[in-house]
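For the sequence shown, UniProt numbering gives the first residue as 1, with consecutive numbering after it. Encoded as structure tokens, the structure appears first; notes follow it.
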Amino acid sequence: MYPNIHEIIHGRQWSTFCKHPQAASMRIVREFYANAKEHTNRSTFVQGKFVPFNTDAIDPYFDIPKAVIDEYNEYIIMEPNFNKVINYFFKSNKQWKMSKRLPLSFKNSQLYGAYKCCLYFIATRLLLMKHVTNITKDIALLLYYILTGKAINIGKLIYITILFFANTPHEDIWFPSLITDL
1 MYPNIHEIIH
11 GRQWSTFCKH
21 PQAASMRIVR
31 EFYANAKEHT
41 NRSTFVQGKF
51 VPFNTDAIDP
61 YFDIPKAVID
71 EYNEYIIMEP
81 NFNKVINYFF
91 KSNKQWKMSK
101 RLPLSFKNSQ
111 LYGAYKCCLY
121 FIATRLLLMK
131 HVTNITKDIA
141 LLLYYILTGK
151 AINIGKLIYI
161 TILFFANTPH
171 EDIWFPSLIT
181 DL
């Protein structure tokens, strides 16, 4: 049986997290990202105030329960069983696209509809991707953990994503409503 996205959202207490984002002040968001590169104690200076963007600030904003354990990050640190992950999504002998004998990605075109729904959720709310044609191993691991009910520290994941985008040259701005409200 394929997972129901509504059951996942309700079970993980992600209802607020999944609501449509509020309007954002792009001036505040741009200043935040310009200053977040050189953050202090997971806070950055915006319009004369220190703005925290750690899990202690992010989790309450989205009404997400504080994660006691983070199986997702523990799994990434260890050597994941990538065959187990791809076999969860595909009952046939689907293979990873490999690079230097390591799994790289696979095409999403053969994913079941319910899995694609969760994939689009990840693309728009967590890892923020413009294209989901190729599913990288990081995205596949996160999707696998969401679908199998493993513990994920959403606040930490968003914090890491914010830092990544703050330190990467690009024109995109992510989590604007969250940043404006913090």
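Where a beta carbon is used, it is the ideal one built from N, C-alpha and C, also for glycine. Since the model is a prediction, treat every value here as computed from it, not as a measurement.
Identified DSSP bridge partners for residue i
| i | result |
| --- | --- |
| residue 98 | 103 |
| residue 191 | Lying outside 1 to 182, the shown extent of the chain, residue 191 is not represented and no answer is given. |
| residue 29 | Paired residues: none, contrary to the question. |
| residue 175 | BP columns for residue 175 are empty, so no partner. |
Close-in-space but distant-in-sequence residues of the same chain around residue i (CB under 8 angstroms, 5 per side omitted)
| i | result |
| --- | --- |
| residue 28 | 46, 47, 179 and 180 |
| residue 136 | 104 and 105 |
| residue 159 | 42, 53, 54, 55 and 58 |
| residue 5 | 114, 117, 118 and 121 |
| residue 174 | 128, 161, 162 and 165 |
| residue 26 | 173 and 176 |
| residue 22 | 177, 180 and 181 |
| residue 109 | 133 |
| residue 11 | 149 |
| residue 169 | none |
Proximity below 8 angstroms, CB of residue i to CB of residue j
| i | j | result |
| --- | --- | --- |
| residue 147 | residue 126 | no |
| residue 52 | residue 182 | yes |
| residue 142 | residue 88 | no |
| residue 24 | residue 85 | no |
| residue 34 | residue 151 | no |
| residue 134 | residue 107 | yes |
| residue 69 | residue 13 | no |
| residue 62 | residue 17 | yes |
| residue 15 | residue 8 | no |
Contacts around residue i, its chain only, beta-carbon distance under 6 angstroms, and the 5 residues preceding and following it disregarded
| i | result |
| --- | --- |
| residue 39 | none |
| residue 78 | none |
| residue 94 | 86 |
Cut-off 7 angstroms between Cβ atoms - residues of its own chain near residue i, not counting five sequence neighbours on either side
| i | result |
| --- | --- |
| residue 111 | 89 and 119 |
| residue 167 | 37 |
| residue 1 | Note on residue 1: pLDDT 46, under 50, position unreliable in the model; the coordinate value appears next. Counting only Cβ-Cβ distances below 7 angstroms, and skipping sequence neighbours, we find nothing. |
| residue 97 | 104, 105 and 106 |
| residue 144 | 85 and 88 |
Any non-hydrogen atom of the ligand ZN closer than 7 angstroms to residue i Cβ
| i | result |
| --- | --- |
| residue 38 | Here there are no bound small molecules, and the ligand ZN is not part of this structure. |
Practice problem: Pick out the complete alpha helix (DSSP H) segments inside the region 16 to 88, 4 residues or longer, and give them in chain order. | Solution: 26 to 36, 55 to 61 and 71 to 77
Quiz item: Touching or not, the region 154 to 168 and the region 55 to 62, by the rule of three or more beta carbon pairs under 8 angstroms?
Solution: yes
Quiz prompt | Complete runs of the beta strand (DSSP E) confined to the region 122 to 171 [at least 3 residues] | solution = 134 to 136
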